[in-house]
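Novice: My questions all concern the structure below.
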Amino acid sequence: MSNYTYEFENRNDKLETYEWDNVWWEHADTEGNARVLYIGDSISCATRRIATEVAEEKIFFDGFGTSKALDNPYFAESVKIFARQQGKRDVILFNNGLHGWHLNDEEEYANAYEQMIRFLMGEFENTPIMLLLTTHLADAQRDKRVVARNRVVLELARKYELPVVDLYSITKEHEDLISADGVHFSKEGYRLLACKLVERVKEYIK
Numbered sequence: 325m326s327n328y329t330y331e332f333e334n335r336n337d338k339l340e341t342y343e344w345d346n347v348w349w350e351h352a353d354t355e356g357n358a359r360v361l362y363i364g365d366s367i368s369c370a371t372r373r374i375a376t377e378v379a380e381e382k383i384f385f386d387g388f389g390t391s392k393a394l395d396n397p398y399f400a401e402s403v404k405i406f407a408r409q410q411g412k413r414d415v416i417l418f419n420n421g422l423h424g425w426h427l428n429d430e431e432e433y434a435n436a437y438e439q440m441i442r443f444l445m446g447e448f449e450n451t452p453i454m455l456l457l458t459t460h461l462a463d464a465q466r467d468k469r470v471v472a473r474n475r476v477v478l479e480l481a482r483k484y485e486l487p488v489v490d491l492y493s494i495t496k497e498h499e500d501l502i503s504a505d506g507v508h509f510s511k512e513g514y515r516l517l518a519c520k521l522v523e524r525v526k527e528y529i530k
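All residue numbers for the sequence shown refer to our numbering, where the first residue is 325 and numbers rise by one.
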């Protein structure tokens with residue numbers, strides 16, 4: 325995943341050294357297929373395309389991947405602009421846990437995450453929203469923060485009665501599929517995640 329940056333050390337500034345967005349509209353000229361809007365980070369960017377393959381292109385996984393922190397004032401607006409182009413979606417997948425390390429995990433991250441949930445529920449009123457737990461990190465200290473953030477997501481999922489997809493457990497159980505940077509995954513790892521997502525998305529797409 326050398327095309328994307330991941331910055332853990334910068335824990336004071338709201339912006340990382342390099343900020344990026346990666347948007348992808350799968351088979352934009354094709355109508356009639358079910359579509360997923362997958363909002364995430366570099367993990368989502370790599371998983372999304374494989375998920376479309378796993379679904380045998382019966383479900384298109386469109387993506388909005390970004391390094392933006394949850395408190396970035398342009399995050400929601402950027403999603404809104406892309407979604408207007410996408411036009412149709414049957415399910416929304418949302419994850420944001422590996423960026424925005426300037427936010428403390430208990431209060432600031434929780435507040436910003438809840439605001440994003442409210443935005444998604446308001447903007448996409450009739451679309452099922454699934455919250456994805458952030459994937460396991462090889463570094464034990466960094467992973468403690470992921471666990472804390474995932475705990476926040478589970479609490480908010482209960483509060484808003486939203487389904488959760490546990491990508492943390494599946495990646496912790498398969499640590500051998502984590503790449504050398506300790507963050508991203510081998511192709512087998514991404515396929516494992518993609519299969520899990522397709523399985524869960526199919527619960528909402530008949």
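Positions of the beta carbon are idealized from the N, C-alpha and C atoms, including for glycine.
Out of R473, N450, Q410, state which residue places its alpha-carbon closest to the alpha-carbon of G421.
Specialist: R473
Novice: Check the C-beta distance from L516 over to I494 and give it rounded, since I have them as a contact under 8 angstroms.
Specialist: 6 angstroms
Novice: Could you give the residue range of the beta strand (DSSP E) that holds R359?
Specialist: 358-364
Novice: How is I477 classed by DSSP in three states: helix, strand or coil?
Specialist: Strictly speaking, residue 477 in this sequence is Val, with Ile absent from that position. DSSP places V477 in helix when its eight states are reduced to three.
Novice: Over what stretch of residues does the beta strand (DSSP E) that includes N435 continue unbroken?
Specialist: Careful: N435 lies outside any beta strand (DSSP E), inside the alpha helix (DSSP H) at 432-447.
Novice: Return the CA-CA distance between D414 and L361, expressed in angstroms with no decimal places.
Specialist: 8 angstroms
Novice: Pairs of beta-carbons, one from the segment 351-359 and one from the segment 494-506, closer than 8 angstroms: are there three or more?
Specialist: no
Novice: By the three-class DSSP mapping on this structure, what secondary structure does L516 have?
Specialist: helix
Novice: Between which residues of its own chain and V522 is the CB-CB distance below 6 angstroms, once the five residues before and five after are set aside?
Specialist: A375, V378, A379
Novice: Leaving out five residues before and five after A481 in sequence, what residues of the same chain have Cβ atoms less than 8 angstroms from its Cβ?
Specialist: Residues of the same chain with a CB within less than 8 angstroms of the CB of A481, apart from the 5 flanking positions on each side, are L455, P487, V488 in chain order.
Novice: May I ask you to report which of helix, strand or coil DSSP gives T390?
Specialist: strand
Novice: Quick check on the burial criterion: 16 or more other C-beta atoms within 10 angstroms. Buried or exposed for R469?
Specialist: buried
Novice: Are the beta-carbon atoms belonging to K392 and E343 less than 9 angstroms from one another?
Specialist: yes
Novice: In the structure shown, what three-state DSSP assignment does M325 receive?
Specialist: Residue confidence for M325 is low, a pLDDT of 41 falling below 50, so the modelled location carries little weight; the figure read from the coordinates is stated next. Looking at M325 - three-state DSSP - the assignment turns out to be coil, as it is neither helix nor strand.
Novice: Give the DSSP bridge partners of L417, in chain order.
Specialist: L417 is bridged to Y362, M454.
Novice: What is the C-beta distance between H423 and D505, in whole angstroms, given that I count them as a contact (C-beta under 8 angstroms)?
Specialist: Between D505 and H423 the Cβ distance is about 15 angstroms, and since that is not below 8 angstroms, they are no contact.
Novice: Can you tell me where the beta strand (DSSP E) holding V403 begins and where it ends?
Specialist: Counting along the chain, V403 sits inside no beta strand (DSSP E); it lies in the alpha helix (DSSP H) bounded by residues 399-410.
Novice: Under a three-way DSSP split, which group does I367 fall into?
Specialist: helix
Novice: Does DSSP put D429 in a helix, in a strand, or in coil?
Specialist: coil
Novice: Which same chain residues, not among the five before or five after L427, have their C-beta less than 8 angstroms away from its C-beta?
Specialist: A393, L394, D395, Y433, A436
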